[in-house]
Each structure stands twice: as structure tokens, then as C-alpha cells.
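Numbering follows numbering that gives the first Met the number 0, in which position 533 of the first sequence is assigned residue number 532; successive positions increment by one, without gaps.
From the three backbone atoms N, C-alpha and C, an ideal C-beta is built for every residue, glycine too.
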Amino acid sequence: MINITLPDGAIREYPEGTSALEIAKSISEGLARKVLAANINGQVWDATRPIHEDAALKLLTWDDTEGKSTFWHSSAHLMAEAVESMFPNVKFWVGPAIDKGFYYDMDLGGKQLNEEDLRKLETKMNELAKKQNGYQRKAVSKNDAIKYFAEKGDEYKLDLLQNLKDGEITFYTQGAFTDLCRGPHIPNTGFIKAIRLTGIAGAYWKGDEKNKMLTRVYGVTFPSQKDLDAYLLMLEEAKKRDHRKLGKELGIFSFDDEVGPGLPLWLPNGTIIIEELEKLAKETEQRAGYKRVVTPHIAKESLYITSGHLPYYEESMYPPMELEGVKYYLKAMNCPHHHKIFAAEPKSYKDLPLRLAEYGTCYRYEQSGELFGLMRVRCLHMNDAHIYCTKEQFYEEFKAVNEMYLKYFKIFGIDKYVMRLSLHDPSKLGKKYIDESELWKETETLVRDVLVKTKTPFVEVPDEAAFYGPKIDVQIWSTIGREFTLATNQVDFAQGRRFKLEFTNNENNPETPLIIHRAPLGTHERFIGFLLEHYAGKFPVWLAPLQVKILPISDKFMGYAQTILESLKNADIRAEVDDRSEKIGKKIRDTEIARVPFMLVIGEKEMNEEKIAVRRQGKGDLGSQTLPDFINNLRNEIKNRIAE
RNA sequence: GCCGUUGUAGCUCAGUGGUAGAGCACUUCCUUGGUAAGGAAGAGGUCGUGAGUUCAAUUCUCAUCAACGGCUCCA
Numbered sequence: 000m001i002n003i004t005l006p007d008g009a010i011r012e013y014p015e016g017t018s019a020l021e022i023a024k025s026i027s028e029g030l031a032r033k034v035l036a037a038n039i040n041g042q043v044w045d046a047t048r049p050i051h052e053d054a055a056l057k058l059l060t061w062d063d064t065e066g067k068s069t070f071w072h073s074s075a076h077l078m079a080e081a082v083e084s085m086f087p088n089v090k091f092w093v094g095p096a097i098d099k100g101f102y103y104d105m106d107l108g109g110k111q112l113n114e115e116d117l118r119k120l121e122t123k124m125n126e127l128a129k130k131q132n133g134y135q136r137k138a139v140s141k142n143d144a145i146k147y148f149a150e151k152g153d154e155y156k157l158d159l160l161q162n163l164k165d166g167e168i169t170f171y172t173q174g175a176f177t178d179l180c181r182g183p184h185i186p187n188t189g190f191i192k193a194i195r196l197t198g199i200a201g202a203y204w205k206g207d208e209k210n211k212m213l214t215r216v217y218g219v220t221f222p223s224q225k226d227l228d229a230y231l232l233m234l235e236e237a238k239k240r241d242h243r244k245l246g247k248e249l250g251i252f253s254f255d256d257e258v259g260p261g262l263p264l265w266l267p268n269g270t271i272i273i274e275e276l277e278k279l280a281k282e283t284e285q286r287a288g289y290k291r292v293v294t295p296h297i298a299k300e301s302l303y304i305t306s307g308h309l310p311y312y313e314e315s316m317y318p319p320m321e322l323e324g325v326k327y328y329l330k331a332m333n334c335p336h337h338h339k340i341f342a343a344e345p346k347s348y349k350d351l352p353l354r355l356a357e358y359g360t361c362y363r364y365e366q367s368g369e370l371f372g373l374m375r376v377r378c379l380h381m382n383d384a385h386i387y388c389t390k391e392q393f394y395e396e397f398k399a400v401n402e403m404y405l406k407y408f409k410i411f412g413i414d415k416y417v418m419r420l421s422l423h424d425p426s427k428l429g430k431k432y433i434d435e436s437e438l439w440k441e442t443e444t445l446v447r448d449v450l451v452k453t454k455t456p457f458v459e460v461p462d463e464a465a466f467y468g469p470k471i472d473v474q475i476w477s478t479i480g481r482e483f484t485l486a487t488n489q490v491d492f493a494q495g496r497r498f499k500l501e502f503t504n505n506e507n508n509p510e511t512p513l514i515i516h517r518a519p520l521g522t523h524e525r526f527i528g529f530l531l532e533h534y535a536g537k538f539p540v541w542l543a544p545l546q547v548k549i550l551p552i553s554d555k556f557m558g559y560a561q562t563i564l565e566s567l568k569n570a571d572i573r574a575e576v577d578d579r580s581e582k583i584g585k586k587i588r589d590t591e592i593a594r595v596p597f598m599l600v601i602g603e604k605e606m607n608e609e610k611i612a613v614r615r616q617g618k619g620d621l622g623s624q625t626l627p628d629f630i631n632n633l634r635n636e637i638k639n640r641i642a643e
């Protein structure tokens, strides 16, 4: 007999070899029907796998992350079975569960899949799912496994096998399909009730662009049709707040074929948002002791040789223009220019920390396929600053930068983000990263300390650092689920020396400063793209391109509307009059759709009482007020940047 | 850059081997209406661009550009 400890602490006795599914059945049949997998002593197992020792057991269902991923991984196997039945010569690479669903990478030997094939595969999968085939686990010796796939002529699985240890290899079979797989899987295919194959894409084998391109099929499955319907509805809703759609609808930005891909044109409405953000940044940075600078958009090649960017970054820079035998590059980053400002005058330790800030315009020649609305562009305006400080000052400075992020995020109500401590990869020293092993360790510890001591939650990810040092990145997700770095806070122990930057310390000796690169508001492009989605186009009043729309009930009140407009303008409020001969209902509808925060309805009553009827976007009629009251309240909301 | 898909009016989309349509937006006129769409008329497109096949191409073929979904890469 074995003792099974349940999550509530209860201990139950079962015969040795009992499976989690059988245990579930002993508790309730209803529960057993929902069990997808089991957590046995911290490891996720097949629910059908016999348990031979005392164990802590947690049954996993659709409501558990691991339950879902097991469900989706099993769905990938089901899809593979369907694919193999339609294309017997297919060879599979890997088929993991992902955030929302699963994919499987496969080599179809030149056969191209189309939408029609996906529909056929769905039908086949549904057919196979109904058979309720079990997922059978089988331990296999490495030799047998190699023999099996060698006979099949499957070089991909043989490649996988190379890195697996004998004794740890398992096959899973459901129906006619057998795969090399560590598992776990759901009890049988019958759990999969609703299937949607969502896309076909190319994916490099092992993620290396030098390798062959495999066909990747994405899909998502659910335990009921209702769940699938809800998911599809959610996707539709997400599309509505896509910044590319909203940006067009609200007149924020535009692209033009003749200007070039990835080069956004900021329309008047977008420019207002840019200027409000810059106003915020200038205020904040002024109070935090930053000094503003302005630098050119281009520089000689030698600047980027000195900085060390050229070998690491040249592919991402626009090709140089050559003038009188000298190459000039469009700047892809502001750092070298700022370093030259530091070097422009001799510095004493009394000058430090020196914080140089600029909304610098940079150009990066991103690969065409990487461009994505405003989130990934080729011309970007960075909320950049470089802080030059001593080692002793570093902790406080780095911490202050982190605090500035959090202050900003509070203003914007940004709460769905992950702080990522981005570290180097020791195996890439000298290639992707400056070859200074000790300095890497030292600065990574410094940065981690800031996060730990300020109790900031974070994740550590290797091989994401800048070439000159570790950094903290703030990761966010676009509405369609793509991940981006919104803001970044970086340590640089390399460029100070490369530029021979020095200050005289209090012992009258030259010393090289540490440098912090920081961009809490990222770039205008990405930040505004993010804000569009974050607010679903409903900007807080201080950011709204148009803050107030005056809606006269009829043409008779146009004169009164104009006097109100003048008062608002004089109070620095962005306002317009809707002077069309339309009915009030139509004017309200159009203004609501344009996401203008305030509407002032003006008619006979208001004119006689010298008042205005106030309506708030999304909230309806707020009743009437005097104009001075309205202006005072609004100015207060704008001044304090209240996110309503 | 790579794999795949798409490209018709400002926007959303029909449509056809015989040189094009709808709704919204726009203009004009009528209407002067109290909290999410009043009515009528009009204007607007060398069907992404270039070449080829054809008596004839927006439609078929190829190339190219751009966008989209991914991969790779990044603020």
C-alpha cells in the first residue's frame, strides 16, 4: 500500500500501482472526468501512470496551467496523427504547448499547406478525438529508439535523441501515431472537444536562420465548443484595440509607401500625445536633476568604432553615406553622442552624477519582416538619458531610475508588465558580449542587489543583456500577444573606458565613470503604440488630442458655442465646435466614437442659464455646470494627469 | 532577411477575361432637431506597381513593392 497526500493535507491509502485517475475516481466520478494530468511530488505526470511510492498528489484540470499545457501538448500529438494520416511522409520536429494553444514543427518534404488543408486536418482531428484513444506511455532504450527512427528515416527525431540519456527515453502512442516524447499527456483524445488550427508559418529548424525552414502549424483546442467560441470572441475584441487599427481611426499616425516602411508619419493628434509625453519627461527629469542636451542625427564612422557598436550593431544601422571620403552613419543610439558631451569639458568628481537627457531621434534598419505598426519601427524617438557616476553612487542612481519607472507606470496605470533582469551568456563572451568576465559578474550582482533590496519582483533571463552590460527590461505584451521591451535600464562598464571618459577624483587621480543608460518611457513609437492598446484609444484627458467637443443643439447656438470655445482655448484646453447641421444624437455618436473625453451640449436652456450640459465619453450625461467650474475641474484633472 | 497570405474609393468590403459596385466618410441642398446614426442629390477609383499571355487583363502568368500571420532579431 502507498500513502497519498492530497492538497488539503488528508492522507489516503491506496494499493501500490494506483494511478492518479483511479484516485480521482475514488473521490468522485465527476472529478475523474475533468482530470487531465497530475502533479506527483512536484512533477507533472500522466494521470494514468501507476504510482509506486508514497506521494503528494494534486489533480490537474483545465483550471490549472499545467492541466492546460498538458491538454494542448496532447492536442499537438493529435494534430500530428492527423497530419501523418494525410501526409504519410511527414517528419516531425517538436510540438510544444505554448501560451495559448500549441504548435508542431514538421518537414512536409516541399508540400505547402493551405487554409483548406487546415480545415481538413481539423475534421480529421475531430474524427480521431472521438475515438477516445488513450495516450500510451512506453519506456524505450536509447538503442531501440534510435533503431525505430532510423528505420523511419526521421533525422529530426534522431537529432533529438542524441541529447537524451539512455533510461530516460519514452514513447507515447495514441491511435496510429507514435512519438518520441517525455510527456505527460491527458488520459485519452476524447477530452479534446473543440479544435481550431489557427495558422501556418515557416520556422527555422532549431530557431537558427541558417537552418532549413520547417512548416509550423499553430492550433488551439478546448474541452468544449463553448470555450472555443469564447476564445474566438476574445480574439475579435483584441483586434478592435490593436494600435494599428486605433491609430488609423483616431488619426494618430500613418505610413506612406514613398516615405518608407517603418517610418511613421505622426499626424497632428499623435503629435499632441508626443508633446504631452515630452512635457511629462522634461518635468520629471528636471526634478530628478537631469540636464537636457541636443545632438545631431548623424556621426562619423569613427564614433561607432570607438563606441564598439559597429561590430555588434552594423546590420541594424542604415548603410553609411560617404562624403569627402568619410563615412557618416545615421545614429541608431544616442549614447556615443552623449559620451562626447561628457568629454567636451574636463570633469571633477564634484560634477557627478551627471545626467544627460534627450528625446533622441534614432534610425535602425530593422529587417523588413520585423516591422510591426508602431511597436517596431525604423525611426524612433527615445526617452534617453545617460548617467555618469562613480561606483559608490551607482546603487542610488540605478535605484532612482527604477523608482522613476514605477512612478511613470503609476501615472499611466500600467500594471501588466514583467521586470526582466537581462544577463549575458558566458559562452558568447567576445562575440555578442564584451569579453570582461569579471566585470559582468560584478555589475550583474550590483543590478540584482537593487532589485532584491527594493523588493521589486523580477525574472532573470540569460543572453538578453546589451553588449556592454546587464540591464533591467520592462516587458509588456501587445493586444495580440506579442512581447516587447517597453522600457530599459542598463549598466555600461565598457564604453566609459572605450571613450577614455574620465573625471578627477577627490585624490586628484583620473577615474572612469560607470554609465547607466535608461529609457523609462522607451520610445514614443512603442510607448504610444502600447498606450493606444492599454487605453483602447480612450486616453486620459491630459493626453487626449482633443479634450472637449462643443455640440450645439442647432445652428442658432453657434455663437454661444464660439464664446465657450474661446474661453476653453484661453484656458489651454484643446477644444473644437461641431458646427455641422446635424442632429444632436448624431454629433454625440460621432464624438463618442472619436473618444473625445468631454462633450458640451449647448442649447436654448444652457444659453439662457449661461451654463453648459456636460457629457463624459463612455459615461453619459453629467448634468449642467457653469463654464468656470467646468474649466477649473478640467484644468485640475489635466494638471495632475489624472488617469480617470 | 526567411516561410506563408493579402493588395479594388479616405475607411470596411462585394464583383468580373469585354476598361467597376455597396455602406460609412466627404461636398451641396433641405431639415434646426435635447444626449449614440434625419432626408435628398453629387463628387470620388489608370482595381498596389511593372512586364508577359490574349483581339481584349482589374480578373490569367511572372517580377516587384507594401501590409498581414509567423520565424529570426529588437526600444
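Nearest candidate by alpha-carbon position, reference residue i, set the options
{"i": "His336", "options": "Trp71, Ala37, Cys361 and Arg615", "result": "Cys361"}
{"i": "Gly261", "options": "Gly269, Phe252 and Asn268", "result": "Phe252"}
{"i": "Asp577", "options": "Leu567, Glu52, Ile592 and Met557", "result": "Met557"}
{"i": "Glu328", "options": "His296, Leu157 and Phe101", "result": "One point to set straight first is that residue 328 is Tyr, not Glu, in the sequence displayed. It is His296 whose Cα lies nearest to the Cα of Tyr328."}
{"i": "Glu126", "options": "Phe190, Gly166 and Ser367", "result": "Phe190"}
{"i": "Val417", "options": "Phe408, His423 and Gly584", "result": "Phe408"}
{"i": "Pro627", "options": "Arg48, Leu245, Ile271 and Thr562", "result": "Thr562"}
{"i": "Ile463", "options": "Arg496, Arg419 and Gln494", "result": "It should be noted that the sequence gives Glu, not Ile, for residue 463. Glu463 has its Cα closest to that of Arg419, out of Arg496, Arg419 and Gln494."}
{"i": "Pro183", "options": "Lys290, Ala46, Gln111 and Ala298", "result": "Ala46"}
Assigned secondary structure, residue i (DSSP; H/G/I helix, E/B strand, else coil)
{"i": "Glu459", "result": "strand"}
{"i": "Met105", "result": "strand"}
{"i": "Gly198", "result": "strand"}
{"i": "Asn38", "result": "strand"}
{"i": "Ala280", "result": "helix"}
{"i": "Pro267", "result": "helix"}
{"i": "His184", "result": "coil"}
{"i": "Pro544", "result": "coil"}
{"i": "Ala331", "result": "coil"}
{"i": "Asp554", "result": "helix"}
{"i": "Met124", "result": "helix"}
{"i": "Val451", "result": "helix"}
{"i": "Leu213", "result": "strand"}
{"i": "Glu12", "result": "strand"}
Cβ separation of residue i and residue j, assumed to be a contact under 8 Å, to the nearest whole Å
{"i": "Leu633", "j": "Val540", "result": "7 Å"}
{"i": "Ala19", "j": "Leu77", "result": "So it is not a contact: roughly 21 Å between Cβ atoms."}
{"i": "Ala645", "j": "Tyr312", "result": "Residue 645 falls outside the range modelled here, since the chain spans only 0 to 643, and no answer is possible."}
{"i": "Tyr348", "j": "Phe502", "result": "6 Å"}
{"i": "Val82", "j": "Leu120", "result": "6 Å"}
{"i": "Leu179", "j": "Lys164", "result": "The Cβ separation is near 13 Å, so there is no contact."}
{"i": "Ala193", "j": "Phe221", "result": "4 Å"}
{"i": "Ser73", "j": "Tyr134", "result": "6 Å"}
{"i": "Pro512", "j": "Leu351", "result": "6 Å"}
{"i": "Tyr217", "j": "Gly100", "result": "6 Å"}
Beta-carbon proximity list for residue i, same chain, < 8 Å, skipping 5 on both sides
{"i": "Ile340", "result": "Val292, Thr294 and Leu355"}
{"i": "Tyr358", "result": "Glu277, Ala280, His380, Met381, Asn382, Asp383 and His523"}
{"i": "Tyr559", "result": "Pro551, Ile601, Glu605 and Met606"}
{"i": "Asp434", "result": "Leu428"}
{"i": "Arg588", "result": "none"}
{"i": "Ser306", "result": "Cys334, Pro335, His338, Gln494, Arg497 and Phe498"}
Spatial neighbours of residue i in its chain, beta-carbon cut-off 7 Å, leaving aside the 5 residues before and after
{"i": "Phe629", "result": "Ile611 and Val613"}
{"i": "Glu650", "result": "Nothing about residue 650 can be read from this structure; the chain reaches only from 0 to 643."}
{"i": "Trp204", "result": "Trp92, Asn210, Lys211 and Leu213"}
{"i": "Ala486", "result": "Tyr404, Val473, Ala518, Pro519, Leu520 and Gly521"}
Local Cβ density within 10 Å of residue i, reported as buried at 16 or more and exposed below that
{"i": "Leu232", "result": "exposed"}
{"i": "Leu545", "result": "buried"}
{"i": "Gln644", "result": "No answer is possible for residue 644: the residues shown for the chain start at 0 and end at 643."}
{"i": "Asp106", "result": "buried"}
{"i": "Thr590", "result": "buried"}
{"i": "Gln161", "result": "exposed"}
{"i": "Asn333", "result": "buried"}
{"i": "Thr625", "result": "exposed"}
{"i": "Ile572", "result": "buried"}
{"i": "Asp228", "result": "exposed"}
Cβ neighbours of residue i in the same chain (closer than 6 Å, five flanking residues each side left out)
{"i": "Gly250", "result": "Leu266 and Asn268"}
{"i": "Phe526", "result": "Leu520"}
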